[in-house]
Amino acid sequence: MAHTILLIQSSAKVDSRTWSDYETLTDCMEAVCKIYEEHLKKLNPDVPCIHVYVPKGKDFIKEQIFILLRGQAASNETKK
């Protein structure tokens with residue numbers, strides 16, 4: 004895997020800039036997640052468990068549309 008450098012500026016102030024280096028991209032992505040989780044904890048100190056939205060991909064959306072259309076088609080067949 005590739006060596007990865009992460010550059011972060013945590014506020015509008017130039018002196019908030021920092022960097023970290025990681026042996027792999029996976030290590031870097033895990034660090035980004037940890038930084039984000041810590042940020043959420045600071046914003047919500049009284050919340051013991053923070054739930055994060057997980058987006059759905061194109062395949063999920065297509066499947067939901069197919070289910071909807073199949074249901075509508077079946078409903079139309081029973082009305083005939």
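Residues in the sequence shown are numbered from 4 upward in steps of one, following our numbering.
Even for Gly, the Cβ is constructed at its ideal location relative to N, Cα and C.
Predicted model only: the values in this text are computed from it and were never measured.
Item, Value
"Through-space distance from leucine 28 to isoleucine 64, alpha-carbon basis", "29 Å"
"Where threonine 29 falls: helix, strand or coil (DSSP)", "helix"
"Neighbourhood of isoleucine 11 by C-beta, 6 Å cutoff - its chain only, sequence neighbours within 5 removed", "Thr21"
"Delimiting residues of the alpha helix (DSSP H) encompassing isoleucine 70", "61-82"
"Identity of the residues DSSP links to isoleucine 53 by a beta bridge", "According to DSSP, which records beta bridges pairwise, isoleucine 53 is partnered with nothing at all."
"Which of helix, strand or coil DSSP assigns to serine 23", "strand"
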